[in-house]
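Residue numbers (my numbering): 10 to 374. Since the structure comes first, as structure tokens, the remarks are kept for the end.
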């Protein structure tokens, strides 16, 4: 990624956003903060050794489907919640961010309410509830969902933790990029699935000053960033649809947009057919990715064979089967904890230690 220009008078690589500057140092701070709460996920080869002469020979997969909660969303959620010290949380989510916050809330003794729009995956709703989260359904799409979440936060005094449009969330998601660069310092291109833009913006910040191209990959049905960058300003799209349910939405986030505008190297769009074909390819490799999790690979496959090493972020693996299994595990873990809990601990509020928190997260990983 080209160095670009830092905000005047600000830290190296920082971009000025709606509430101040956001830069690589924020991603580094997030990495230190959430180290005890997230998995350092591996880089996996797309193809077995005998087949690496084909397209994808040097393509690696950042396996965020193996993250606690089944997606990268835990990173941004943890950075926000741990920084803000939130005990009552509200969010709008298509599912994975809500799952991440529900897991954190259970581990930290906090409360979370997740607002979901029509079309949210029923199994994701079930897992949020199994983890102890409260869900609120609203008609309409992402805009209506997020408006209801903001209103609930104002009404109840809870802390609003958006799924992507928040500096702390963006910084947390950027730790995906730090891990990629640490494990594959010779990587030339990173393909990042793009919906709300938090993950893409975070990876762009992490890549600042490194000789790596960052490419955002959007579903063709909801190309909010591609259209906005082409127009030179944020554009609100007419409602669209995509098989990648976690990437639906009509407009860029106020926080990710300036980072992506100033730092991304390219944006490409992929069709639902390409997304489903990439998900099928991953299944043949033994990787169960939800459609949103296969979007970056679709972008990499469209780019075709290259001589340099590339990484595609498999952002989530919350398929229906995986969600059902996780919900059963969460219910079992909750029942076990209830059985072990004495009357004294039920009436005494304590703050879990990092070790305790890690154990709780691992129980339903």
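Beta carbons: idealized from backbone N, C-alpha and C, even for Gly. On a predicted model such as this, the values are computed, not experimentally measured, just so you know.
Spatial neighbours of residue 259 in its chain, beta-carbon cut-off 8 Å, leaving aside the 5 residues before and after: Position 250 of the chain shown holds residue 259. The residues are 150, 151, 152, 231, 233, 245, 246, 247, 248 and 249.
Contacts around residue 300, its chain only, beta-carbon distance under 6 Å, and the 5 residues preceding and following it disregarded: Here residue 300 corresponds to residue number 291 of the chain shown, with the count starting at 1. The residues are 252, 253, 284 and 288.
Continuous beta strand (DSSP E) assignments of at least 3 residues falling wholly in the region 63-116: Runs found: 68-72 and 97-101.
Pair within 8 Å by beta-carbon distance, residue 70 and residue 321: As a working note, residue 70 is residue 61 in the chain shown. As a working note, residue 321 is residue 312 in the chain shown. Cβ distance < 8 Å, so residue 70 and residue 321 count as in contact.
Test item: CB-CB of residue 279 and residue 196 under 8 Å: For the purposes of this step, residue 279 is identified with residue 270 of the chain shown, where counting begins at 1. For the purposes of this step, residue 196 is identified with residue 187 of the chain shown, where counting begins at 1. The Cβ-Cβ distance between residue 279 and residue 196 does not fall below 8 Å.
Residue 177 vs residue 122 beta-carbon contact at 8 Å: Here the question's residue 177 lines up with position 168 in the chain shown. Here the question's residue 122 lines up with position 113 in the chain shown. Contact: no.
Length of the line joining the Cα atoms of residue 172 and residue 242: If you number the chain shown from 1, residue 172 lands on position 163. If you number the chain shown from 1, residue 242 lands on position 233. Rounded to whole angstroms, residue 172 to residue 242 spans 22 Å at the Cα level.
Segments assigned beta strand (DSSP E), at least 3 residues, entirely inside the region 229-305: For the region 229-305, whole beta strand (DSSP E) runs of length 3 or above, ordered along the chain, are 275-279.
Short Cβ contact (8 Å threshold) for residue 255 with residue 94: In the chain shown, the residue the question calls residue 255 occupies position 246. In the chain shown, the residue the question calls residue 94 occupies position 85. No; because the gap between Cβ atoms is not below 8 Å, this pair is not in contact.
CA nearest to the CA of residue 1, picked from 307, 164, 135 and 162: Residue numbering for the chain in the displayed model covers 10 to 374; residue 1 lies beyond these limits and cannot be assessed.
Rounded Cβ spacing between residue 136 and residue 335 (contact assumed at less than 8 Å): Within the chain shown, residue 136 is the residue found at index 127, counting from 1. Within the chain shown, residue 335 is the residue found at index 326, counting from 1. In this structure, residue 136 and residue 335 form a Cβ contact; the two beta carbons are roughly 5 Å apart against a cut-off of 8 Å.
Simplified DSSP state of residue 221, which is helix, strand or coil: As a first step, residue 221 is located in the chain shown; it is residue number 212 there, counting from the start. DSSP places residue 221 in coil when its eight states are reduced to three.
Enclosing beta strand (DSSP E) for residue 170 [first to last residue]: For this step, residue 170 is matched to residue 161 along the chain shown. Neither: residue 170 is in no beta strand (DSSP E) and is coded neither H nor E.
Identity of the residues DSSP links to residue 144 by a beta bridge: As a first step, residue 144 is located in the chain shown; it is residue number 135 there, counting from the start. Beta-bridge pairing links residue 144 to 123.
C-alpha distance - residue 338 paired with residue 183, whole-angstrom precision: Indexing the chain shown from 1 puts residue 338 at position 329. Indexing the chain shown from 1 puts residue 183 at position 174. If you take the alpha carbons of residue 338 and residue 183, they lie about 29 Å apart.
Cβ-based burial, residue 80 [other Cβ within 10 Å; buried from 16]: Against the chain shown, residue 80 aligns to sequence position 71. Residue 80 should be labelled buried.
C-alpha gap between residue 268 and residue 165, whole angstroms: Counted from its first residue, the chain shown places residue 268 at position 259. Counted from its first residue, the chain shown places residue 165 at position 156. For the pair residue 268 and residue 165, the Cα-to-Cα distance works out to about 32 Å.
Residue from 272, 144, 109 and 208 with nearest C-alpha to residue 180: For this step, residue 180 is matched to residue 171 along the chain shown. By alpha-carbon distance to residue 180, the top candidate from 272, 144, 109 and 208 is 208.
Any C-beta of chain C under 8 Å from that of residue 273: No chain C appears in this structure, which consists of one protein chain only.
Option in 24, 44, 145 and 263 with minimal Cα separation from residue 100: In the chain shown, residue 100 corresponds to position 91, counting from 1. Of the candidates 24, 44, 145 and 263, the one whose C-alpha sits nearest the C-alpha of residue 100 is 145.
Sub-8 Å separation of residue 29 and residue 217 beta-carbons: By 1-based counting over the chain shown, the position of residue 29 is 20. By 1-based counting over the chain shown, the position of residue 217 is 208. Not in contact: residue 29 and residue 217 (Cβ atoms no closer than 8 Å).
Separation of residue 148 from residue 292, as counted between CA atoms: Start at 1 with the first residue of the chain shown, and residue 292 comes out as number 283. Start at 1 with the first residue of the chain shown, and residue 148 comes out as number 139. The C-alpha of residue 148 is placed about 33 Å away from the C-alpha of residue 292.
Terminal residues of the alpha helix (DSSP H) in which residue 54 lies: For the purposes of this step, residue 54 is taken as residue 45 along the chain shown, with counting starting at 1. Note, residue 54: premise wrong, no alpha helix (DSSP H); beta strand (DSSP E) at 52-54.
Coarse secondary structure for residue 227, derived from DSSP in three states: Counting from 1 along the chain shown, the entry for residue 227 is found at position 218. In the structure shown, residue 227 falls within a strand segment according to DSSP collapsed to helix, strand and coil.
Coil, strand or helix - residue 157 by DSSP: As a first step, residue 157 must be located in the chain shown, where it is residue number 148. Residue 157 falls in the helix class under three-state DSSP.
Bounding residues of the beta strand (DSSP E) (the contiguous stretch that carries residue 26): Position 17 of the chain shown, counting from 1, holds the residue named residue 26. Membership of residue 26 in the beta strand (DSSP E) is indicated by the continuous run 24-26.
Beta-carbon gap between residue 82 and residue 106 smaller than 8 Å: Taking the first residue of the chain shown as position 1, residue 82 is located at position 73. Taking the first residue of the chain shown as position 1, residue 106 is located at position 97. Yes, these two residues count as a Cβ contact at 8 Å.
CB of residue 224 within 8 Å of CB of residue 201, strictly: Position 215 of the chain shown holds residue 224. Position 192 of the chain shown holds residue 201. Note that the C-beta distance between residue 224 and residue 201 is below 8 Å.
C-beta contact flag for residue 328 and residue 139 at 8 Å: Numbered from its first residue, the chain shown carries residue 328 at position 319. Numbered from its first residue, the chain shown carries residue 139 at position 130. No, they are not a contact pair.
Straight-line Cα distance separating residue 50 from residue 77: Within the chain shown, residue 77 is the residue found at index 68, counting from 1. Within the chain shown, residue 50 is the residue found at index 41, counting from 1. Rounded to whole angstroms, the gap between the alpha carbons of residue 77 and residue 50 is 10 Å.
Residue interval of the alpha helix (DSSP H) (run including residue 33): Here residue 33 is taken as the residue at index 24 of the chain shown, counted from 1. In the DSSP assignment, residue 33 falls within the alpha helix (DSSP H) that extends over 33-43.
Residue 317 classed as buried or exposed, judged by whether at least 16 other C-beta atoms fall within 10 angstroms: Here residue 317 refers to the residue found at position 308 of the chain shown. With fewer than 16 other Cβ atoms from the protein chains shown falling within 10 Å of its own Cβ, residue 317 counts as exposed.
Endpoints, alpha helix (DSSP H) assigned at residue 375: The chain is shown from 10 up to 374; residue 375 falls before or after that span and cannot be answered.
C-alpha gap between residue 257 and residue 194, whole angstroms: In the chain shown, the residue the question calls residue 257 occupies position 248. In the chain shown, the residue the question calls residue 194 occupies position 185. Near 32 Å, if we compare the C-alpha coordinates of residue 194 and residue 257.
Assumed close pair residue 294, residue 75 - CB separation to whole angstroms, cut-off 8 Å: Your numbering for residue 294 matches position 285 in the chain shown. Your numbering for residue 75 matches position 66 in the chain shown. Between residue 75 and residue 294 the Cβ distance is about 13 Å, and since that is not below 8 Å, they are no contact.
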